Amino acid sequence: MTGGDSHHAAELEAAVARWNGLGLARPQVAVVAGSGLDVSFGATVAGPFALADWLPFPVHAVAGHALTFELVDGGRHRLLHFRGRLHAYQGFEPGQLVFPVRLAARLGAGVLVVTNAAGGIGRVARAGALVAIADHLNQTGLNPLRGRLPESWGPQFPDMVDAYDAALRRRLAAHAEALGIPLEQGVYAGLLGPCYETPAEVEALRRAGADLIGMSTVLEVIAARQLGLRCLGLSLVTNPAAGSGAATLDHEEVLEAGRAAAGRVEALLRALLDDPELVADR
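Be aware that the sequence shown starts at 132, since it is given in this note's numbering, and climbs by one per residue.
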């Protein structure tokens with residue numbers, strides 16, 4: 132979409148100043164909704180805002196991603212809810228597609244919750260399964276920390292051992308059990324896309340330890356961890372990955388699977404977002 136590896140640091144601070152100038156409250160949690168997983172978490176305090184109006188570069192959406200965001204009163208916590216996300220396969224640079232996450236962090240969010248639609252491998256290949264992400268494999272060939280970044284954003288070489296916060300996963304699992312919602316844990320492999328994977332690629336990723344395959348999330352989490360956010364990832368398995376089932380893969384079926392599971396995702400995340408321990412120090 133553009134040349135170079137732009138992080139838009141000055142434009143990010145301008146967006147923060149604009150938010151402050153509107154007199155809007157600071158969010159405590161940021162939520163990024165994946166394909167077909169556009170659910171509600173409370174009363175809208177401000178917005179919805181068109182994401183395009185806050186980004187210093189032109190954007191275009193893919194089906195299932197509204198590309199709006201709003202400040203939400205989630206009861207115990209204020210949420211910055213991004214309805215949809217940008218993807219590298221659309222032509223965006225890493226620094227561009229993580230701009231919303233960095234904005235949320237600079238506005239005060241301390242927790243990032245990301246959801247996505249994913250293909251499942253092996254034990255989580257069942258369509259409709261919900262899986263808490265325990266770790267990831269960045270197979271995109273990209274990294275949002277490449278280049279010269281402001282020192283105020285965090286270390287140039289952030290530790291990714293606890294990329295997906297173990298305490299948050301335990302809280303999510305406890306709420307899932309209380310609600311009677313089955314919840315697995317697994318490793319998410321993030322690929323560039325936009326084509327789906329070949330059976331050989333899926334088998335290679337399975338051998339590498341992946342349980343889930345998708346085209347998002349990993350770059351957002353890398354950027355968030357550099358900025359000190361605690362991260363929680365939730366995947367909806369919309370289909371068995373290529374070679375794991377007889378059917379061919381189709382984006383509209385992915386969206387329909389998301390819509391079908393929206394009630395469970397909303398109930399589970401509402402319970403988590405109402406948890407008084409969500410933003411507590413570890």
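Ideal Cβ positions, reconstructed from N, Cα and C, are used throughout, including at glycine. Here the structure is a predicted model, which means the values were calculated and not measured.
Beta-carbon contacts of residue i that lie in its chain and below 6 Å, excluding the five residues immediately before and after
i: A183; result: V190
i: V163; result: F213, R216 and V245
i: A197; result: R214 and G215
i: Q221; result: none
Continuous alpha helix (DSSP H) stretch holding residue i: start and end
i: H139; result: Taken as a continuous stretch (DSSP letters only), H139 belongs to no alpha helix (DSSP H), as it is neither H nor E.
i: G259; result: Element bounds for G259: n/a, residue is neither H nor E.
i: E408; result: Counting along the chain, E408 falls outside any alpha helix (DSSP H), and DSSP gives it neither H nor E.
i: V193; result: Where V193 is concerned, there is no enclosing alpha helix (DSSP H), given that its DSSP letter is neither H nor E.
i: L228; result: P225 to L228
i: A354; result: V349 to Q357
Buried or exposed (CB count within 10 angstroms, at least 16 for buried), residue i
i: P225; result: buried
i: N488; result: The chain is shown from 132 up to 413; residue 488 falls before or after that span and cannot be answered.
i: M132; result: Bear in mind that a pLDDT of 41 at M132, under 50, signals an unreliable position, so the number given afterwards is only what the model happens to contain. Answer is exposed; the Cβ neighbour count stays below 16.
i: V362; result: Note that residue 362 corresponds to Cys in the displayed sequence, not to Val. Buried, by the Cβ-count rule.
i: P371; result: buried
i: L310; result: exposed
i: Q287; result: exposed
i: E282; result: exposed
i: T329; result: exposed
i: L422; result: Here the chain has residues from 132 to 413 only, and residue 422 is not among them.
i: G135; result: Unreliable placement is indicated for G135, whose pLDDT of 44 sits below 50; the coordinate value is still reported in the next sentence. Exposed: under 16 other Cβ atoms inside 10 Å.
i: V292; result: exposed
Where the beta strand (DSSP E) containing residue i begins and where it ends
i: I344; result: L343 to G345
i: F213; result: R209 to R214
i: L202; result: T199 to D204
For residue i, the residue or residues it bridges with in DSSP
i: P371; result: G251
i: V244; result: V162 and L363
i: D266; result: V318
Sequence-distant residues of the same chain with beta carbon closer than 7 Å to residue i, five excluded per side
i: E408; result: R302
i: L253; result: As written in the sequence, residue 253 is Gly, which differs from the Leu given in the question. Counting only Cβ-Cβ distances below 7 Å, and skipping sequence neighbours, we find R337 and D342.
Sequence-distant residues of its chain with Cβ nearer than 8 Å to residue i (five each side left out)
i: N274; result: P225, L350 and I353
i: P313; result: A260, L261 and A307
i: F172; result: V162, V203, G205, L210, H212, E397, L400, R401 and L404
i: A249; result: V262, Y319, L343, I344, G345, S366, L367, V368 and T369
(message) List, from N- to C-terminal side, the beta strand (DSSP E) runs of 3 residues or more that fit wholly inside the stretch 159–191.
(response) 160–163 and 174–181
(message) If we require 3 or more residues per run, which beta strand (DSSP E) segments fall completely within the stretch 306–338?
(response) 315–321
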